[in-house]
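Residue numbers (the UniProt record's numbering), protein chains in the order written: chain P, 1 to 386; chain L, 1 to 386; chain C, 1 to 386; chain D, 1 to 386.
Each residue gets a CB set at the ideal place from its N, CA and C atoms; glycine is no exception.
Protein chains: 4
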Amino acid sequence: MTELAAAKAALKTQAVETPSWAYGNSGTRFKVFAQAGVPRTPQEKLDDAARVHEFTGVAPTVALHIPWDRVDDYAALAEYAEDRGVRLGAINSNTFQDDDYRLGSICHPDPAVRRKAVDHLLECVDIMDATGSRDLKLWFADGTNYPGQDDVRARQDRLAEGLAEVYGRLGEGQRMLLEYKLFEPAFYTTDVPDWGTAYAHCLKLGPKAQVVVDTGHHAPGTNIEFIVATLLREGRLGGFDFNSRFYADDDLMVGAADPFQLFRIMYEVVRGGGFTPEVAFMLDQCHNIEAKIPAIIRSVMNVQEATAKALLVDRSALAGAQRAGDVLGANAVLMDAYNTDVRPLLREVREEMGLDPDPLAAYRRSGWAEKIAAERVGGQQAGWGA
Amino acid sequence: MTELAAAKAALKTQAVETPSWAYGNSGTRFKVFAQAGVPRTPQEKLDDAARVHEFTGVAPTVALHIPWDRVDDYAALAEYAEDRGVRLGAINSNTFQDDDYRLGSICHPDPAVRRKAVDHLLECVDIMDATGSRDLKLWFADGTNYPGQDDVRARQDRLAEGLAEVYGRLGEGQRMLLEYKLFEPAFYTTDVPDWGTAYAHCLKLGPKAQVVVDTGHHAPGTNIEFIVATLLREGRLGGFDFNSRFYADDDLMVGAADPFQLFRIMYEVVRGGGFTPEVAFMLDQCHNIEAKIPAIIRSVMNVQEATAKALLVDRSALAGAQRAGDVLGANAVLMDAYNTDVRPLLREVREEMGLDPDPLAAYRRSGWAEKIAAERVGGQQAGWGA
Amino acid sequence: MTELAAAKAALKTQAVETPSWAYGNSGTRFKVFAQAGVPRTPQEKLDDAARVHEFTGVAPTVALHIPWDRVDDYAALAEYAEDRGVRLGAINSNTFQDDDYRLGSICHPDPAVRRKAVDHLLECVDIMDATGSRDLKLWFADGTNYPGQDDVRARQDRLAEGLAEVYGRLGEGQRMLLEYKLFEPAFYTTDVPDWGTAYAHCLKLGPKAQVVVDTGHHAPGTNIEFIVATLLREGRLGGFDFNSRFYADDDLMVGAADPFQLFRIMYEVVRGGGFTPEVAFMLDQCHNIEAKIPAIIRSVMNVQEATAKALLVDRSALAGAQRAGDVLGANAVLMDAYNTDVRPLLREVREEMGLDPDPLAAYRRSGWAEKIAAERVGGQQAGWGA
Amino acid sequence: MTELAAAKAALKTQAVETPSWAYGNSGTRFKVFAQAGVPRTPQEKLDDAARVHEFTGVAPTVALHIPWDRVDDYAALAEYAEDRGVRLGAINSNTFQDDDYRLGSICHPDPAVRRKAVDHLLECVDIMDATGSRDLKLWFADGTNYPGQDDVRARQDRLAEGLAEVYGRLGEGQRMLLEYKLFEPAFYTTDVPDWGTAYAHCLKLGPKAQVVVDTGHHAPGTNIEFIVATLLREGRLGGFDFNSRFYADDDLMVGAADPFQLFRIMYEVVRGGGFTPEVAFMLDQCHNIEAKIPAIIRSVMNVQEATAKALLVDRSALAGAQRAGDVLGANAVLMDAYNTDVRPLLREVREEMGLDPDPLAAYRRSGWAEKIAAERVGGQQAGWGA
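See below:
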């Protein structure tokens, strides 16, 4: 098989999970702009996600967020998804929107609040049992706003204790993905602020605990692909929350702010053996001002393009230049792949998969946007609050 | 008059404006935690602000935010304030919370939206006429999230045109304070992102247009006191929006994150002749998790302490060491003032002003917190949305 | 003329100035790694620069740095350059390497040091007269390391005074380009830290004073293309010092760290009418570990590629999408140009200019690297210190 | 014993190690400004360090840097130090100033260079045997400047292998302190860029491997005290390299840029049981423009003041407020200690230790500065290069 053929084969196996909440409304603390046609129910979110998969062919699963996607019968929801050609993916917990969580959840000074938070996480594992989801994704908004507000170290002890209880509840084939974030909503300390903290906790928990890298959760100047390479080397990269940012956790479409960075990340994934189902490739974005479904399709395509470029790197030439200490030559090999226009290749891949080569045009022609704008009238549009 | 006496005299003339919205609920995009006793009306906000002034003696004015503080009769509102010992201060416009403003306000590509935005600003000047406010504070959320989304330069043209119309409407003794901000809620470009842009617009508008420095609106590493010194040198420092931050626009209590920076800022104010009524010293903060009124009292006290230290700098010794090129000596003179515990001095100042030396304790003893928690039940608590 | 033909025509007129000092050794505070074949004299630097122009066709001028390129006869040096097919470009002053400049140069508290610094700048204008250079590029290392070390505002007064004297000395057709930089080598204040400060000084000086944007001199998160658009709108963009950075002023090859940013900058240049000789496009880089001449060739090619992409933006489609408020559509138009592989186009451009389509391969085949390594033995290699 | 007495007792046991290289010349890549009286030999550095200890009483050890402090007889050097009242401290390796290290040292692609680097580290352990030093401090300048330049992951493998060999050579009671740094001198990747990477390596090496926190080596916005608390919780905090910064690794006097941060760090040290000899408190600074010995004395005093404030925190009141979820109350307890002027307390401590209460004045009166300026004439002043 030629290198190009191998790249195409790999691209056909790609899977990018889309998040149910990205189909709903989102915004900043200043304003949430509502959009026409936004889903009112978890089922309608799945309907939209199914369109993304229909036109891209590589978005087969949908992450749920509890309680935003709470239903009475998760098995029925899973069946609903499968009837539409997609499957339920990771279960995302939420321990930041209840009034009790003003000072934290699993790290809260009050044991009663910690109990409540852990119970919610255990409920999420119950849901995983029902949906068949493999991954429990944990992001904690826990932290403090003011120096002295709470005991930084005691909060780590509480975190470790809560995580251990949830870890113990994980079933065969289930995993816990621990996400880190520099800041927001907490502004002085965050209880899992960096990959090192997440990694240290995962190490103590055991092999089912893995670190998830959200590409928007780092300090300025952080080399994310280095972290990716390191976590793969340590066997602790559980997955990605993809998005992009210029400043903070902007949650823009992945690849929109720094496509070269996304390529470098995907190169380290490929180089480190991470282009496997063991690493979950998920989107986690906010489409505050742009149309949501096309934005998600575009994001999936951006991941595909970065992946294609990463797969096209002439690794033998690269290794040769690196061994020779040829700084410019090695850089040129990498840049040659990056500078390649891979869109024709991806059009071929799509055609070979029986898809329209232009997912966005196909989506537009489908009339789905007009249909949901007309039909989804009344009710409560989904958003972060519900 | 000794230096200490001069410092005390100056401290007694200090005026810190508190923002009506800081008495209401606020939060992050993740959650707004409601608090007991939060005002439901502009009048109740003024009641709370009056307590802050009662106990600190240096918070005589209250900034309004339109439409959050919209009332039928602004003259009556002004009278309401004065009856409680405070006055209405700057009028803050809001051109970011209407659905029309999804892609901007005064910089929007659609002239109809720009018209609406400018009309709102003109209405704010009408309100200033009614309230007797001197300052129109303009912060624009305008910007773009994605490269290419709009024409960066055309947006500047629109901005200039809109500002000029509003400037022309300003009456005798009225001013326009133009605020800049690096990012948020826009994530790719912001139409007034830095002091240079605000300054360039003010220059073209005329002497009534001044720059306002929000201490949380800069890129990491920006030397804010340098900007303060520069704007004072240029005669264009209209005022401050005080708050503090560790990461982005965290809107924590001023002086909480970096008290040394606040001192350095106040030193440049004093050194540059900016400790006058021509510079408006305003708070602009969010008390998301802490009790609001005590947080505002504490913030006012933090400004007082930084000011006291700045006033205590031995400027003659400093100038001597600077002239001599004595790096360590000059730094030591500044640090000597900073390291001084000025709380006893401020207690004296308060006692001489007929106040309790400990404003927070006096507030606690007043029973106000319990009273408003008991009385302000029902209705719609004030927040950023209303 | 088709758009493609127009783009090609524009690309043939492009001019990127290379800096004499980039041909010499450079490094960090930790180590300067010497390389074989590095020039010992200004003439040898010109020899190398002539190779870059020979193979790229778009690097016709060479910036000098005084005193590093001090010679007895500048007219002879200019002739030397022209004999080799290049011309002398901007004159760069140096007021940071004399022991007298420990606490600054033009902003120093001691008038004698200021006099010395201004005299040096005046000497640079004398050199411009002799070389026929149009631009005096001024970068000041001036600043302070410790709060209180010197009077921030007085330093601005001194700066203004010194600049005014030099401005007065400029002849017909000569310009002063004022560069700003956030930090380094000063660590607390820098006397020209941002574009706003440079702009304010240029405004007061007059139309011959223009701002120069070094792409590595900003705080993290700064939107450089916004500054470019703003300065063009104000008629104050004098030129660029191109390089790239991940963290601080890394001085890597332009386009190496964030090629998408370089494209966005060049798009604003094109859109704002800045692709003219009035804007000087200069490199200012350090090739600490990579071979210098190929690195400079590669950098010139990176600028070409970004320019080609910027020229290929379908501006009519872009304007339409922007007017329509089509966020995704407008972004897609821009990204379509960015994602295009313009290397074939540039190979055509080079062939039409009578050049080898692959400048790096042509350089390698030329044997120049081996020749200078063999011949330039002994003597003192050029570097920042000489 | 009262709390104050306990604080005083603790302050009397404090030990801050000063670095031999801070007594020599240093600078930026732009210029090294030489100073009068700078040592020419390791012995003269020890003479200066002895003055710092003489006047502060809490700087009993001096870190060496190999090869800058290479001597023929380290036992004799240790004796020389003890004769002057100080002892030799940590041995700092240098694998960045030899031409071979252009592309790295212990991570270099060429095994011969790696061998050389490891041999140097082993030599450093030999020196520790001779000097009786406990700690080998390892900072690696290793990294890459351009994407693709080398294989990020292979470099980690090489690093692990090299460290393991050196670890195996450590004797009884000897430790390896692994330092991390975000960037500089490498600008794309750094092989030990963050505490997580250092921690992961130390974990695999064993208990004698500990992480050292240089306070200037983090990305903007990083919460250093959180890292300190975490490393203490993990039992992996080996020590500090103290300095301060506004932007990057500015290496200013510790406490000069953000004294509140230093206090918060020292509070976490105290709270986490880190105020013990197991944690090495070292300075690592550059006094580029200020007089070196007084700057070091001042730095030691800054550490003392931050420590004193940290010791004065009313931990019982703090814990109570934290447990009660009293955000403002808990913050106030911390700030109360920070706002205390501890200089009188430290004067008392010094007097009780038989020292002059004002170390800087005592140093000035000693005539040492004049003496060394007069005597140390000729020879080669010490600096980073020798």
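- Contact of residue 260(C) with chain P by beta-carbon distance below 7 Å involves 258, 259, 260.
- Secondary structure note for residue 62(L): its beta strand (DSSP E) is the uninterrupted segment 61 to 65.
- Rounded to whole angstroms, the gap between the alpha carbons of residue 82(D) and residue 284(D) is 22 Å.
- Residue state for residue 355(P) is assigned as coil, using DSSP reduced to three classes.
- Cβ-Cβ separation between residue 88(P) and residue 131(P): approximately 4 Å, consistent with a contact (criterion under 8 Å).
- Using a Cβ distance threshold of 8 Å, residue 32(C) and residue 61(C) do not count as a contacting pair.
- Between residue 204(C) and residue 166(C), the alpha-carbon positions lie close to 13 Å from each other.
- Secondary structure note for residue 210(C): its beta strand (DSSP E) is the uninterrupted segment 209 to 214.
- The beta carbon of residue 74(C) sits closer than 6 Å to those of 127, 130, 131, all from its chain and outside the five residues before and after it, given in chain order.
- Residue state for residue 77(P) is assigned as helix, using DSSP reduced to three classes.
- Residue 7(C): member of the alpha helix (DSSP H) spanning 3 to 13, first to last residue.
- The CB of residue 246(P) comes closer than 8 Å to the CB of 221, 223 in chain C, given here in chain order.
- Contact residues of the stretch 280 to 292 of chain L toward chain D are 289, 290, 291 (C-beta to C-beta distance below 8 Å).
- Exclusion of the five residues before and after residue 80(L) leaves 43, 46 as the residues of its chain whose Cβ lies within less than 8 Å of its Cβ.
- Contact fails between the stretch 349 to 359 of chain C and the stretch 279 to 293 of chain C, because fewer than three Cβ pairs, one in each stretch, are under 8 Å apart.
- For residue 340(C), the nearest CB of chain P lies under 8 Å from its own CB, placing it at the interface with that chain.
- Assigned with DSSP and collapsed to three states, residue 19(L) falls in strand.
- A Cβ-Cβ separation of about 11 Å leaves residue 235(L) out of contact with residue 279(L) under the 8 Å criterion.
- For residue 185(C), none of the residues of chain L pass the 7 Å Cβ criterion, the least Cβ distance being about 14 Å.
- Between residue 232(P) and residue 244(P), the beta carbon gap of about 21 Å keeps them out of contact (Cβ cut-off 8 Å).
- The Cβ atoms of residue 146(D) and residue 188(D) sit closer than 8 Å to each other.
- Residues of the stretch 306 to 317 of chain L that bring their beta carbon within less than 8 Å of a beta carbon in chain P are absent altogether.
- Residue 29(D) has a beta carbon lying within less than 8 Å of a beta carbon in chain C.
- By the rule that beta-carbons nearer than 8 Å mark a contact, residue 67(P) does not touch chain C.
- The straight-line gap separating the alpha-carbon atoms of residue 208(P) and residue 138(P) is approximately 13 Å.
- Here the stretch 214 to 227 of chain C does not lie against the stretch 153 to 169 of chain C, with fewer than 3 beta-carbon pairs under 8 Å apart.
- Bounds of any alpha helix (DSSP H) do not take in residue 92(L); it lies within the beta strand (DSSP E) bounded by 87 to 92.
- As the crow flies, the alpha-carbon of residue 136(L) is around 23 Å from that of residue 229(L).
- Annotation for residue 275(C): 269 place their beta carbon closer than 6 Å to its own, counting only its chain and skipping 5 residues before and after.
- Between residue 63(D) and residue 84(D) a beta carbon distance of about 16 Å is seen, past the 8 Å cut, so the two are scored as non-contacting.
- Measuring C-alpha to C-alpha distances from residue 326(D) to each of 211(P), 26(P), 151(P) identifies 151(P) as the nearest.
- For the stretch 163 to 189 of chain D, residues whose beta-carbon sits nearer than 8 Å to a beta-carbon of chain C comprise 182, 183, 184, 185, 187, 188.
- For chain L, none of the residues of the stretch 186 to 216 of chain D brings a beta carbon within less than 9 Å of one of its beta carbons.
- If you ignore the 5 residues before and after residue 143(P), its C-beta comes within less than 6 Å of the C-beta of 186, 189, 190, 191, all in its own chain and listed in chain order.
- Comparing alpha carbon positions, the residue from 176(P), 5(P), 343(P) closest to residue 13(P) is 5(P).
- With the criterion set as a beta carbon lying under 8 Å from some beta carbon of chain L, the members of the stretch 230 to 242 of chain C are 230, 232, 233, 234, in sequence order.
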